[in-house]
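Residues 7 to 306 (the working numbering) are what the sequence shown spells out, left to right. The beta-carbon is built from N, C-alpha and C at its ideal position, and this holds for glycine as well. Small disclaimer: the values here were computed from a predicted structure and weren't measured.
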Amino acid sequence: MKRSFRAAWILLACLFLLALVPAASAEIRDTNLWWIPEVVTKGGEKIDRLFYLIFWLTFAVFVLTQSVFLYFIIAYRRKRGVPAHYSHGNNRLEIVWTTLPALIFIVLGVYSNRLWNRELRAPAPADSIKIDIVAYQYGWHIRNPGRDGKLGEFSQANLSKDNWFGLTEGDADGNDDYQSENVLTIPVGRNVNIVLRSLDVIHAFYVPVFRMYQDTVPGRQIDWVWFQATRTGNFELACSQLCGSGHYNMKAKINIVTQEEYDTLVAEKSKAALMQKLQKNAASLPPPPVDAPPAAVAAK
Ligand SMILES: [Cu+2]
7 MKRSFRAAWI LLACLFLLAL VPAASAEIRD TNLWWIPEVV TKGGEKIDRL FYLIFWLTFA
67 VFVLTQSVFL YFIIAYRRKR GVPAHYSHGN NRLEIVWTTL PALIFIVLGV YSNRLWNREL
127 RAPAPADSIK IDIVAYQYGW HIRNPGRDGK LGEFSQANLS KDNWFGLTEG DADGNDDYQS
187 ENVLTIPVGR NVNIVLRSLD VIHAFYVPVF RMYQDTVPGR QIDWVWFQAT RTGNFELACS
247 QLCGSGHYNM KAKINIVTQE EYDTLVAEKS KAALMQKLQK NAASLPPPPV DAPPAAVAAK
């Protein structure tokens with residue numbers, strides 16, 4: 007009786023503690039729940055092809071080995087009157103089942119490495135829209151180029167908690183750039199080149215629907231991430247490196263919009279950014295000199 011009473015108390019206390027923990031609010035996936043998510047980038051299907059190749063290869067090996075295993079269990083089970091046979095192994099068989107998997111692994115390694123270099127490490131095309139993303143505990147600072155299509159100059163050395171993007175003071179290209187927190191808006195059908203950096207620890211730019219994963223490393227600038235979205239829609243960017251206590255909530259929205267919608271947004275945001283910059287500059291100017299009193303008043 008006493009023991010069950012204590013157990014009930016412990017259960018209650020656990021439920022209370024559980025109620026204090028905020029629910030991790032991950033984006034709910036409601037399509038294709040039992041399989042990989044759809045792919046929305048050009049070239050993403052090549053990554054899928056590699057995935058399927060490895061999947062079916064593993065599946066075939068699984069079926070083959072398990073069937074042989076089951077057959078041996080049944081065929082050579084203990085039988086009355088049949089003495090156990092001691093086998094010391096078979097060198098030829100061992101060479102075959104060591105060489106074959108080794109060869110398969112080498113081929114897969116070479117194939118995936120080449121694919122990786124071609125699809126994920128190729129330099130970004132010159133017509134790409136360059137977007138600057140700085141990861142931090144726990145979120146994403148995102149900077150889009152304004153109407154001039156050029157990002158203001160930045161350097162890794164300037165990066166700090168007060169200057170998230172490490173911007174170079176006074177660069178005119180940066181005047182119309184606009185920033186957003188945890189929202190990445192890009193046009194469909196255009197090459198987008200993401201420049202990735204980190205303010206503090208290792209994070210990861212992970213977008214399953216893009217078939218894309220890239221760590222952000224403090225002190226390093228990563229320029230080779232680029233892609234082209236094939237359809238409009240809303241997706242999610244999630245940090246995929248356990249980067250601290252708020253990691254579960256480190257995510258951003260990705261909105262893929264039409265070129266017209268993107269142009270309208272850029273025009274609006276650039277204008278607002280320019281106005282803000284003008285106001286800031288006006289506020290930082292020294293106050294205009296107060297007119298000196300007229301000589302007659304001063305003489306009185
Ligand atoms: Cu993170």
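Alpha-carbon to alpha-carbon, A210 and Q247: Translated into positions along the sequence shown, residue 247 becomes position 241. Translated into positions along the sequence shown, residue 210 becomes position 204. So the alpha carbons of these two residues sit roughly 6 Å apart.
Cβ-based burial, Y268 [other Cβ within 10 Å; buried from 16]: Against the sequence shown, residue 268 aligns to sequence position 262. It is buried - the Cβ of Y268 has at least 16 other Cβ atoms within 10 Å.
Whether F307 touches V207 by CB criterion (8 Å): Outside the displayed range of the chain (7 to 306) lies residue 307, so it cannot be described from this structure.
Whole-Å CB distance - I148 paired with S186, under 8 Å assumed: On the sequence shown, position 142 is the one that residue 148 refers to. On the sequence shown, position 180 is the one that residue 186 refers to. With a Cβ gap of about 5 Å, I148 and S186 count as contacting.
Buried versus exposed, by CB contacts within 10 Å (16 or more), F78: Indexing the sequence shown from 1 puts residue 78 at position 72. So F78 ends up on the exposed side.
Distance cut-off 7 Å: Q247 Cβ against heavy atoms of ligand 1: By 1-based counting over the sequence shown, the position of residue 247 is 241. Q247 Cβ: within cutoff of ligand 1.
For Q72, the three-state DSSP class (helix, strand or coil): In the sequence shown, counting from the first residue as 1, residue 72 sits at position 66. The answer is helix: DSSP assigns Q72 an H, G or I state.
Other residues of its chain near Y144: CB distance less than 8 Å, five sequence neighbours each side excluded: Here residue 144 is taken as the residue at index 138 of the sequence shown, counted from 1. C245, C249, G250, G252, H253, N255, M256, listed in sequence order.
Cβ-based burial, W232 [other Cβ within 10 Å; buried from 16]: As a position in the sequence shown, residue 232 is number 226, starting the count at 1. W232 is buried by the Cβ-count criterion.
Closest Cα partner of V194 within the set K167, R55, N261: In the sequence shown, counting from the first residue as 1, residue 194 sits at position 188. The option with the nearest alpha carbon to V194 is N261.
Bridge-paired residues (DSSP) for F61: As a working note, residue 61 is residue 55 in the sequence shown. Partner(s): none; F61 has no beta bridge.
Bounding residues of the alpha helix (DSSP H) (the contiguous stretch that carries I262): Taking the first residue of the sequence shown as 1, we reach residue 262 at position 256. No alpha helix (DSSP H) contains I262, which is instead part of the beta strand (DSSP E) from 257-263.
Euclidean distance between Cα positions of Q227 and W41: As a first step, residue 227 must be located in the sequence shown, where it is residue number 221. As a first step, residue 41 must be located in the sequence shown, where it is residue number 35. Approximately 34 Å, taken between the alpha carbons.
beta-carbon M218 near ligand 3 non-hydrogen atom, thresh 7 Å: This structure lacks ligand 3; its bound ligands are ligand 1.
Stretch pair the segment 49-57 + the segment 121-130: three plus CB contacts closer than 8 Å: yes
Reduced DSSP secondary structure (H/G/I, E/B, other) of S166: Stepping through the sequence shown from its first residue, residue 166 is reached at position 160. Here S166 sits in coil by DSSP.
Neighbourhood of I60 by C-beta distance below 7 Å, restricted to the same chain and skipping five residues each side: Position 54 of the sequence shown holds residue 60. Contacts found: L114.
Close beta carbons around K286, own chain, < 6 Å, minus the five adjacent residues each side: Working through the sequence shown from its first residue, we reach residue 286 at position 280. Excluding positions up to five away in sequence, the list is empty.
Three-state secondary structure assigned by DSSP to L21: The sequence position of residue 21 within the sequence shown is 15, counting from 1. It is helical.
Range of the contiguous beta strand (DSSP E) that encloses L202: Looking up residue 202 in the sequence shown gives position 196. Element bounds for L202: 197-204.
Beta-carbon gap between F158 and D177 smaller than 8 Å: Residue 158 sits at position 152 when you count from the first residue of the sequence shown. Residue 177 sits at position 171 when you count from the first residue of the sequence shown. The sequence given here places Gly at residue 158; Phe does not occur at that position. Yes, the pair counts as a contact, with Cβ atoms nearer than the cut-off.
Beta-carbon spacing of L190, G180 below 8 Å: As a first step, residue 190 must be located in the sequence shown, where it is residue number 184. As a first step, residue 180 must be located in the sequence shown, where it is residue number 174. No, these two residues do not count as a Cβ contact at 8 Å.
From V263, L109, S161, I137, residue whose alpha carbon lies closest to that of N150: In the sequence shown, the residue the question calls residue 150 occupies position 144. Among V263, L109, S161, I137, the Cα nearest to that of N150 belongs to I137.
Alpha-carbon to alpha-carbon, A25 and A14: Counting from 1 along the sequence shown, the entry for residue 14 is found at position 8. Counting from 1 along the sequence shown, the entry for residue 25 is found at position 19. Each residue's alpha carbon lies about 17 Å from the other.
Residues that DSSP places opposite I228 in a beta bridge: Within the sequence shown, residue 228 is the residue found at index 222, counting from 1. Paired residue(s): L202.
Boundaries of the beta strand (DSSP E) in which T222 is found, first to last residue: For the purposes of this step, residue 222 is taken as residue 216 along the sequence shown, with counting starting at 1. Run containing T222: 218-222, per the beta strand (DSSP E) assignment.
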